[in-house]
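Remarks on the structure that follows.
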Amino acid sequence: MDRDILFRFNPWWESGKISEELAKPFKRDLFYKVIEYLSKRQIIEIIGLRRVGKTTLLYQIIQKLLERTEEKKILYFSFDEKGANIKEIIKTYEVEVLNKKIEDAGQIYIFFDEIQKCKDWDSQLKIFYDIYPKIKFFISGSASLMLDKKAKESLAGRVYNFILKPLSFKEFLEFKGLKISKNLSLHERTLATEFFDYLKKGGFIELTFENDSKVREYVKNNILERIIYKDILETFGIKDIELLKTLVELFCRNSGMVLNYEKLSRDLGRSKLAVMNYIYYLQFSMLIKLVKNLRKSFLSASRKMKKVYVTNTSFIYAFEDLTSIEKFLETYVCNALDLEYYYRNSFEIDFLKKNKTISGIEVKSSVNEREIEKFRENLKKLGIKKGILITKDQRSDFKNIEVRPAYFIL
864 MDRDILFRFN PWWESGKISE ELAKPFKRDL FYKVIEYLSK RQIIEIIGLR RVGKTTLLYQ
924 IIQKLLERTE EKKILYFSFD EKGANIKEII KTYEVEVLNK KIEDAGQIYI FFDEIQKCKD
984 WDSQLKIFYD IYPKIKFFIS GSASLMLDKK AKESLAGRVY NFILKPLSFK EFLEFKGLKI
1044 SKNLSLHERT LATEFFDYLK KGGFIELTFE NDSKVREYVK NNILERIIYK DILETFGIKD
1104 IELLKTLVEL FCRNSGMVLN YEKLSRDLGR SKLAVMNYIY YLQFSMLIKL VKNLRKSFLS
1164 ASRKMKKVYV TNTSFIYAFE DLTSIEKFLE TYVCNALDLE YYYRNSFEID FLKKNKTISG
1224 IEVKSSVNER EIEKFRENLK KLGIKKGILI TKDQRSDFKN IEVRPAYFIL
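Taking the working numbering, the leading residue of the sequence shown gets 864, the next gets one more, and so forth.
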């Protein structure tokens, strides 16, 4: 490993500080959660979609550490630099930077970005983690880290896992410098205007101030196609790119559709196994999520009748406009509230949220009293006492049913 590469990645060794260009001033909510674990022994793992700010978050953590840590005791390396391995990086760092054995250097912080690009990263990391208790590791990468069963097994009990998503609506407002008090009703006009802009841009920071045409181009070229042609292709070595592209567009245009593998197989002219595998790849690349049909007992979910949602409303906007607003709202609610279940038998409830009790959630662009009463009747059939109706812009209360605009979900 060339020492110059390490110095290029770690400018604070010479300057004593990290530039604002690298550690951008806007802090994500996840930043404040992660820094609570700085003193813990375990590895910090940050995963997420492309372009959500994983590298920026690592630099911000480095900036925080520099307040109380000697500069050369913080090492950052990105495996976008091809051909490197963990052992030679740490050896070069030990010899060329620390000028002493790593076990004699005290507390060390090592950041490995895009670690999934390093061959056998898990076994190498485990060795150093087990031998050197004074090294605190931070790793980041794509969702493929979650797929690596061997890595999960070898690093079991050694990792705190964090998922970095695109900006929440709350963070989107904060990033734009808009201050919203806890009394949301005071800001309804602003919230409504900004919310529909947010649905199109999906919380990707680089899109915040872009026009609509740039949004579509960016999402297709820099997110969807790179995940298809680079991440999934490299991770799984797939051969049928056309099937993958077809499924991506299908799910973006029909977010919330019920999965029927047999019908998809017939319509697409591919085997059922191929369709199931490719949907699995999309699920674990964080492009889609599956919502299960919860049985009436609420104790288990059906293996069949799963619904598929894209994980970001900008993926829909890449192919459709906001005229199909209910699709955008339903997808937003599913992801913002991390919903995992719905109910469908003789009637359907869009989502069921399981906490200590079960709540029913229905999403409509608009709603009238007859529809509210029908929703209440359906909840009663399932023994559910509380329901929430989420709409485009309506707000009211009807007995045990709350009606709220989607932009109140921050």
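Cβ atoms here follow ideal geometry from the backbone N, Cα and C, with glycine treated the same way.
Shown here for ASP943: same chain residues with a beta carbon closer than 6 Å to its own, the five before and five after excluded, namely GLU977 in chain order. Taking the C-beta atoms as reference points, TRP876 is found no nearer than 8 Å to LEU929. Under the DSSP definition of a beta bridge, VAL1266 partners with LEU1252, SER1259. In this structure, TYR972 sits near LYS936, with a CB-CB distance shorter than 8 Å. Excluding residues up to 5 positions away in sequence, THR1176, PHE1191 lie with their Cβ nearer than 6 Å to the Cβ of LEU1062 in the same chain.
Here LEU1122 carries a coil assignment [DSSP, helix/strand/coil]. In the displayed model, ASN1241 falls within a helix according to three-state DSSP.
Within the DSSP secondary-structure output, VAL1154 pairs in a beta bridge with LYS1170. In this model, LYS1219 and VAL958 are separated by some 55 Å (Cα to Cα).
Annotated as distal: LEU938 and MET1149, with beta-carbon spacing of 8 Å or more.
Less than 8 Å separates the beta-carbon of PHE1058 from that of TYR1270. DSSP places LEU938 within a strand segment (E or B) once states are collapsed to three.
Look at GLU1203 here: in three-state DSSP terms it is coil, with no helix or strand label. Beyond the five residues adjoining it in sequence on each side, CYS1197 comes within less than 6 Å, by CB distance, of TYR1172 in the same chain, given in chain order. According to the DSSP assignment, SER1003 belongs to the beta strand (DSSP E) that extends over 998-1004. Here GLU1211 is bridged, per DSSP, to ARG1207. In the DSSP assignment, ASP976 falls within the beta strand (DSSP E) that extends over 971-976.
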